[in-house]
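>
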Amino acid sequence: MSERFDVCVLGSLNVDFVASVARRLRRGETVTSLGLDIVPGGKGANQALAAARLGARTALIGRVGGDPYGTDLRNRLADEGVDVTYVRIDPEAPTGLAIIIVEPSGQNSIILAPGANARVGLADVEAAEPFIRTTKALVVQMEMPASVASRALHLARSIGVRTIFNQAPALPIDRSALECVDLLIVNETEAEVLTGVDVDGLAGARRAAAILRSTGPGAAIVTMGGSGAVVDGPDGQDFVPAFVVDVVDTTAAGDAFVAATTLAWLAGQNLAVAAGYGSQVAALTVGRRGAQPSLPTAEEVAAWRPPGGERSQFRPSF
Ligand code: RIB
5 MSERFDVCVL
15 GSLNVDFVAS
25 VARRLRRGET
35 VTSLGLDIVP
45 GGKGANQALA
55 AARLGARTAL
65 IGRVGGDPYG
75 TDLRNRLADE
85 GVDVTYVRID
95 PEAPTGLAII
105 IVEPSGQNSI
115 ILAPGANARV
125 GLADVEAAEP
135 FIRTTKALVV
145 QMEMPASVAS
155 RALHLARSIG
165 VRTIFNQAPA
175 LPIDRSALEC
185 VDLLIVNETE
195 AEVLTGVDVD
205 GLAGARRAAA
215 ILRSTGPGAA
225 IVTMGGSGAV
235 VDGPDGQDFV
245 PAFVVDVVDT
255 TAAGDAFVAA
265 TTLAWLAGQN
275 LAVAAGYGSQ
285 VAALTVGRRG
295 AQPSLPTAEE
305 VAAWRPPGGE
315 RSQFRPSF
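If you use the numbering used here, the sequence shown corresponds to residues 5 to 322, in order.
1. Using a Cβ distance threshold of 8 Å, determine whether the segment 285-304 contacts the segment 252-263, with at least three qualifying pairs required.
2. Do ASP41 and ARG92 come within 8 Å of each other at the CB atom, strictly closer than that value?
3. Looking only at its own chain, which residues have a Cβ that is under 7 Å from the Cβ of ARG137, when we skip the five neighbours before and after it?
4. Starting from ALA52 and walking both ways along the alpha helix (DSSP H), at which residues does that stretch end?
5. Closest by CA to VAL234, which one among VAL251, ASP204, ALA256?
6. For VAL165 and VAL144, I'd like the C-alpha separation in whole angstroms.
7. Per the DSSP calculation, ARG166 is bridged to which residue(s)?
8. Hey, LEU101 and VAL19: beta-carbon distance below 8 Å or not?
9. Anyone know if the C-beta pair for VAL251 and GLY39 falls short of 8 Å?
10. Assuming contact is defined by CB atoms lying nearer than 8 Å, are LEU77 and GLY48 in contact in what I supplied?
11. By alpha-carbon positions, which one of THR34, THR62, PHE21, GLY32 ends up nearest to GLY46?
12. Measure the C-alpha to C-alpha separation of PRO173 and GLY15 and round it to an integer number of angstroms.
13. Verify whether the separation of the beta carbon atoms of GLY280 and VAL244 is less than 8 Å.
14. Mind the definition here: the segment 118-133 touches the segment 52-70 only if three or more C-beta pairs lie below 8 Å; say whether that holds.
15. Output yes or no for whether 8 Å exceeds the beta carbon distance between VAL43 and PRO300.
16. Measuring alpha carbon to alpha carbon, tell me which of ARG28, SER37, ALA60 ends up nearest PHE9.
17. Note down the Cα distance separating GLU304 from LEU58, rounded to an integer number of angstroms.
18. Based on DSSP bridge pairs, tell me the residues matched to ALA278.
19. Are LEU187 and PRO221 close, meaning C-beta to C-beta below 8 Å?
20. Give the range of the alpha helix (DSSP H) segment to which LEU270 is assigned.
21. When we look at the beta-carbon of THR36 and count the other beta-carbons within 10 Å, is it buried (16 or more) or exposed?
22. Have a look at VAL190, SER231, GLN273 and flag the residue whose alpha-carbon is nearest the alpha-carbon of ILE215.
23. Using a Cβ-Cβ cutoff of less than 7 Å, which residues in the same chain neighbour SER24 once the five nearest sequence positions on both sides are dropped?
24. What whole-angstrom Cβ distance do PRO108 and ALA26 have, given they're in contact under 8 Å?
25. Per DSSP, what are the beta-bridge partners of LEU126 in this structure?
26. Alpha carbon to alpha carbon, how far is ALA276 from LEU175?
27. Along the alpha helix (DSSP H) that carries VAL190, what are the first and last residues, could you check?
28. May I ask you to report which of helix, strand or coil DSSP gives THR301?
29. So LEU64 packs on VAL124, CB below 8 Å; how close in whole Å?
30. What's the call for ASN79, buried or exposed, on a 16-neighbour Cβ count within 10 Å?
31. Assuming THR139 and GLU7 are in contact, meaning their beta carbons sit under 8 Å apart, how far apart are those beta carbons, in whole angstroms?
32. Using only the heavy atoms of the ligand RIB, determine whether one of them is closer than 7 Å to the beta carbon of ILE105.
33. So what's ARG61 in DSSP terms, helix, strand or just coil?
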């Protein structure tokens with residue numbers, strides 16, 4: 005069968021309020037921000053847009069509120085080629101919102117007010133089934149009710165669509181849903197929460213990846229930011245180094261990694277090579293501020309030369 009989409013993403017759309025601060029805040033402290041940006045974000049929307057900018061045929065399933073933010077988020081995605089037929093405008097809820105604090109190191113902390121994302125329901129998945137049936141892969145995160153993520157993973161598995169689950173935030177989901185996952189991707193903090201393993205280096209990441217895979221997924225990746233990633237699959241474990249780059253803002257780097265790794269994997273690369281491509285796209289993302297403004301296009305990825313390093317072996321042709 006010829007599919008209509010490469011990737012269908014079920015996930016969140018947020019408007020991000022990004023405040024840069026001169027240093028980490030202390031308890032009870034009030035600081036003046038160095039600047040405030042209001043930019044489109046949300047893990048689901050970021051992953052969908054990252055895939056679209058890399059050249060994939062992409063659809064997003066989710067909800068925004070019936071306010072100007074929601075309409076704007078939806079329109080921007082549509083303008084960049086993401087199919088938003090199943091991004092429903094929910095008049096009963098505000099659009100999801102994220103307050104992001106970015107430290108000088110580029111590391112961030114995020115507070116979510118989920119708004120309409122929390123109202124994504126089983127009916128949204130059922131309605132979008134015609135799209136899910138015509139995609140190569142379904143990508144799901146956890147900025148929505150776990151029951152909905154679970155239903156979508158079960159549905160995709162039952163119809164032979166590949167499943168990528170980014171368990172972020174690291175909230176619990178039923179074991180049967182994890183057994184429907186082909187590839188699980190989490191960062192080191194999420195891996196710690198989910199496994200109880202202290203992921204403070206390669207040994208911890210290897211242990212956590214093995215535990216995560218033993219809970220059901222066909223393969224698991226634990227990312228460690230600038231320290232690389234561990235891939236745990238049926239053929240054993242691989243370490244994928246990160247590119248050494250100047251970090252401006254890490255927001256959406258994980259989303260870029262998920263999208264790019266998924267696309268390379270769908271294109272037939274083994275997981276380690278796919279994750280290498282994901283690292284390359286993430287490295288470009290951390291060099292720019294904001295979530296969606298920082299996601300690179302396929303042309304930018306192709307033109308990029310990492311300082312003192314080799315690019316990924318993978319050359320996409322989606
Ligand atoms: O992964 C980054 C995203 O997390 C931000 O865009 C924010 O909206 C939160 O969902």
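Glycine included, C-beta positions come from ideal geometry on N, C-alpha and C.
Judging by the given coordinates:
1. The answer is yes - the segment 252-263 touches the segment 285-304, with three or more Cβ pairs under 8 Å.
2. Not a contact, by the Cβ cut-off of 8 Å.
3. Taken in chain order, the residues that qualify are ILE163.
4. For ALA52, the enclosing alpha helix (DSSP H) begins and ends at 47-57.
5. Minimum Cα distance to VAL234 is reached at ASP204.
6. Cα to Cα, VAL165 sits roughly 13 Å from VAL144.
7. Note: ARG166 is bridge-paired with ALA141 in the DSSP secondary-structure output.
8. Less than 8 Å divides the Cβ of LEU101 from the Cβ of VAL19.
9. Cβ atoms of VAL251 and GLY39: not closer than 8 Å.
10. Judged by beta-carbon spacing, GLY48 lies beyond the 8 Å limit of LEU77, meaning their Cβ atoms are not closer than that value.
11. Taking the Cα of GLY46 as reference, the smallest distance to any Cα among THR34, THR62, PHE21, GLY32 is reached at PHE21.
12. Looking at the two C-alpha atoms, the distance is approximately 12 Å.
13. Result yes, Cβ atoms of GLY280 and VAL244 sit closer than 8 Å.
14. By the C-beta criterion, the segment 118-133 is judged to be in contact with the segment 52-70, since at least 3 inter-stretch pairs fall below 8 Å.
15. No, these two residues do not count as a Cβ contact at 8 Å.
16. Checking every option, the nearest Cα to that of PHE9 belongs to ALA60.
17. If I take the Cα positions, the gap works out to 9 Å.
18. According to DSSP, which records beta bridges pairwise, ALA278 is partnered with nothing at all.
19. Taking C-beta atoms as the reference points, LEU187 and PRO221 count as a pair closer than 8 Å.
20. 257-270 is the extent of the alpha helix (DSSP H) around LEU270.
21. Taking all protein chains in view, the Cβ of THR36 is surrounded by fewer than 16 other Cβ atoms within 10 Å, so the residue is classified as exposed.
22. The shortest C-alpha separation from ILE215 is found at VAL190.
23. Within the same chain, SER24 has close Cβ partners SER37, LEU38, GLY39, VAL106.
24. The Cβ separation is near 7 Å, so the contact holds.
25. Here LEU126 is not bridged, per DSSP, to any residue.
26. Answer to the nearest angstrom: the Cα atoms are 26 Å apart.
27. Taken as a continuous stretch (DSSP letters only), VAL190 belongs to no alpha helix (DSSP H), being part of the beta strand (DSSP E) at 187-191.
28. Secondary structure of THR301 (DSSP, three-state): coil.
29. Not a contact, Cβ separation roughly 11 Å.
30. With fewer than 16 other Cβ atoms within 10 Å, it is exposed.
31. 6 Å between Cβ atoms; contact.
32. Not so, every heavy atom of the ligand RIB lies at least 7 Å from the Cβ.
33. In the structure shown, ARG61 sits in coil (DSSP, three-state: anything other than H, G, I, E or B).
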